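Below you'll find the structure, written out as structure tokens, and then a few comments.
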Amino acid sequence: MGFDPYEPQQRAMLRSAVQAAGISTGDLWLHYFSLGGSAGEYELEAYLQGLLSLPETQRDLLAMAANELIDSIPRPRAPYSDELIGAGDEGDRRDEQQPTSEEEPSVGDERSGRRDAE
């Protein structure tokens, strides 16, 4: 392969990260190419399979492309309590008729978004 002893480890970690994120070789190559990468899509595939060596600069561009694509994928996050207030009922309340300004919802009314004391 190449002269860089870290290339196999970098390749394996790149391949693992791309597979875990569900990024296709074509998408990775397109983003890599848009960043100035010079290897073709077939060369990228051969590199990921361990059949071709790439210079350090090109490997780092691949890592940058992969990391940018991974960062753009929405990930689940833990909500803060103020993000949950009323969020669980919004989808269910779309079909219900909302009280007009003349109608005051009672304390136990589901449409008010409040519950009786627990």
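Here our numbering runs 1493 ahead of the position in the sequence shown, where the first position is 1. A virtual CB, placed ideally from N, CA and C, is assigned to each residue, including glycine. On a predicted model such as this, the values are computed, not experimentally measured, just so you know.
Three-state secondary structure (DSSP) of Ile1566
Coil, per DSSP.
Less than 8 Å between the beta carbons of Arg1504 and Tyr1535, yes or no?
For Arg1504 and Tyr1535, no; Cβs fall outside 8 Å.
Which class does Tyr1573 belong to by DSSP, given the choice of helix, strand or coil?
The answer is coil: DSSP assigns Tyr1573 none of H, G, I, E or B.
Terminal residues of the alpha helix (DSSP H) in which Ser1531 lies:
No alpha helix (DSSP H) contains Ser1531, which DSSP labels as neither H nor E.
Nearest residue (CA-CA) to Asp1497, options Ser1565, Met1557, Leu1545
Of the candidates Ser1565, Met1557, Leu1545, the residue whose Cα lies closest to the Cα of Asp1497 is Leu1545.
Go ahead and label Gly1519 buried or exposed: buried means 16 or more other beta carbons lie within 10 angstroms of its beta carbon, across all protein chains shown.
Residue burial is scored here from C-beta neighbours: Gly1519 has fewer than 16 other C-beta atoms within 10 angstroms and is therefore classed as exposed.
Between Ala1514 and Ile1578, is the Cβ-Cβ spacing less than 8 Å?
No, these two residues do not count as a Cβ contact at 8 Å.
Which residue comes first and which comes last in the alpha helix (DSSP H) that contains Leu1507?
Run containing Leu1507: 1500-1514, per the alpha helix (DSSP H) assignment.
Assigned secondary structure, Leu1555 (DSSP; H/G/I helix, E/B strand, else coil)
Three-state result, Leu1555: helix.
For Asp1500 versus Arg1552, is the C-beta spacing smaller than 8 Å?
The sequence as given places Glu at residue 1500; Asp does not occur at that position. The criterion of a C-beta distance shorter than 8 Å is satisfied by Glu1500 and Arg1552.
From Ala1558, Phe1526, Tyr1573, Leu1547, pick the residue whose C-alpha is nearest to that of Ala1510; which is it?
Per the Cα distances, Ala1558.
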